[in-house]
Every structure is written in structure tokens, then in C-alpha cells.
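Read through the structure below, which is laid out as C-alpha cells, and then see the notes.
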Amino acid sequence: MLAELKNDLLFLLNILESIEKIHIYSKKVDTAEDFFYANDQLNFNASLTLLANIGENVGKISSELKNKNPDIQWQDIKDFRNKIAHDYIGIDIFIVFRIIQNELESLKKRVFLLIAEELKNKNFDEKEFQLARESYYYRHIPFSEIAS
Numbered sequence: 004m005l006a007e008l009k010n011d012l013l014f015l016l017n018i019l020e021s022i023e024k025i026h027i028y029s030k031k032v033d034t035a036e037d038f039f040y041a042n043d044q045l046n047f048n049a050s051l052t053l054l055a056n057i058g059e060n061v062g063k064i065s066s067e068l069k070n071k072n073p074d075i076q077w078q079d080i081k082d083f084r085n086k087i088a089h090d091y092i093g094i095d096i097f098i099v100f101r102i103i104q105n106e107l108e109s110l111k112k113r114v115f116l117l118i119a120e121e122l123k124n125k126n127f128d129e130k131e132f133q134l135a136r137e138s139y140y141y142r143h144i145p146f147s148e149i150a151s
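If you're matching positions, the sequence shown starts at 4 in the numbering used here and goes up one per residue.
Structural data, given as C-alpha cells:
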């Protein structure tokens with residue numbers, strides 16, 4: 004898929020689905036240590052994979068969309084993906100937990116606004132958006148929070 008604005012909707016929806024799953028996996032813990040050790044590290048490892056997925060999708064988003072939204076730290080997100088992929092053992096659990104607790108919610112809200120804006124401006128396909136709403140894959144996204 005080409006890095007064009009019209010193709011960015013699915014990448015953004017993938018980011019939102021990953022964020023929602025991370026919230027599910029981390030909601031019952033209060034500390035980085037608890038998160039790391041919970042469920043024999045299954046939730047922590049799954050969340051790292053989802054954080055890497057977020058960075059992977061950010062890397063596929065068009066320059067046009069990134070340039071229109073410089074307030075989102077696109078490069079930092081992609082860089083963290085690379086850190087996960089290439090230094091998995093060296094990942095600081097406290098940084099991961101801080102990102103999950105403090106950064107993902109604001110990214111989610113910003114992506115909601117971005118999708119709504121691009122739908123309104125007819126840069127995203129409304130039909131594709133509706134198909135995503137009906138898809139089982141995106142079942143964790145609260146589509147009602149996207150003002151389209």
C-alpha cells in the first residue's frame with residue numbers, strides 16, 4: 004500500500020486497536036513491576052508487541068498526514084518501535100509503563116480527532132470507515148468517540 008493520505012485511515016485504526024488492547028492488558032496493575040510480572044509476563048510481552056505495531060503503522064503513514072499534524076511525536080513513536088524490535092531485552096519496564104499510563108490516552112484522543120477531521124474533509128473514505136466499524140478486527144475501538 005502506498006504512503007498516501009487516502010490510505011492512512013487503516014493505519015490509524017490499527018494504532019487505535021493496539022492502544023485499546025494495551026489498555027485491556029494493563030488495566031488491573033498499578034506499578035511497572037506488577038505489570039511486568041503479571042500473568043507470567045504475557046501481558047507485558049503482548050503490550051510490547053502492540054507498541055511495536057503502533058510504531059510500525061506510524062512508519063506507513065503518509066508524510067502529508069504527518070506534516071499536517073506535527074503535534075504528534077511521529078518520529079519518537081517510530082523510534083520506540085525500533086528500540087523494542089532491536090533491543091528487546093534492554094527495554095526499561097518503567098518507561099514502557101509510563102508510556103502506557105501517560106502517553107497512549109492522549110495519542111488515542113489525537114488520532115480520534117485526526118480521523119474525524121480527515122473524514123469531514125473527504126480525505127478518508129467514509130465507506131471504508133463504516134466497514135471498519137463493522138469489522139471484528141477493530142472491535143475494541145470505541146467508534147462512537149470519533150466524531151465523524
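Idealized CB from N, CA, C, for every residue including glycine.
Under a Cβ-count criterion, where at least 16 other Cβ atoms within 10 Å of its own Cβ denotes burial, should residue i be classed as buried or exposed?
i	result
serine 156	This structure leaves residue 156 out entirely; the chain is present only between 4 and 151.
phenylalanine 97	exposed
leucine 54	buried
alanine 88	exposed
arginine 84	buried
lysine 112	exposed
glutamate 121	buried
isoleucine 25	buried
asparagine 105	exposed
leucine 45	exposed
If contacts are defined as beta-carbon pairs under 8 Å, then residue i and residue j qualify, I think. What distance do you get, rounded to the angstrom?
i	j	result
glutamate 137	leucine 12	Not really, about 14 Å apart at Cβ, beyond 8 Å.
tyrosine 139	glutamate 20	Wrong, their Cβ atoms sit about 11 Å apart, outside the cutoff.
aspartate 128	lysine 9	7 Å
isoleucine 94	lysine 86	7 Å
Please report how far the alpha carbon of residue i lies from the alpha carbon of residue j, in whole angstroms.
i	j	result
glutamate 23	glutamate 108	9 Å
leucine 117	asparagine 124	11 Å
asparagine 126	leucine 15	13 Å
serine 29	tryptophan 77	23 Å
glutamine 133	valine 114	17 Å
isoleucine 103	asparagine 17	16 Å
asparagine 48	glutamate 36	13 Å
isoleucine 57	aspartate 33	23 Å
phenylalanine 100	alanine 119	29 Å
lysine 81	threonine 52	13 Å
leucine 110	aspartate 90	24 Å
leucine 68	alanine 135	20 Å
Checklist entry - With a cut-off of 8 Å, do at least 3 Cβ pairs link the segment 36-47 to the segment 57-73? => result no
Next on the checklist: Quick check: the segment 56-65 against the segment 139-148, are at least 3 beta-carbon pairs closer than 8 Å?
Outcome noted: no
Next on the checklist: Please give the ranges of any alpha helix (DSSP H) in the segment 63-119, keeping only runs that are unbroken, at least 4 residues long and fully inside the region.
Outcome noted: 66-71, 77-89, 96-101
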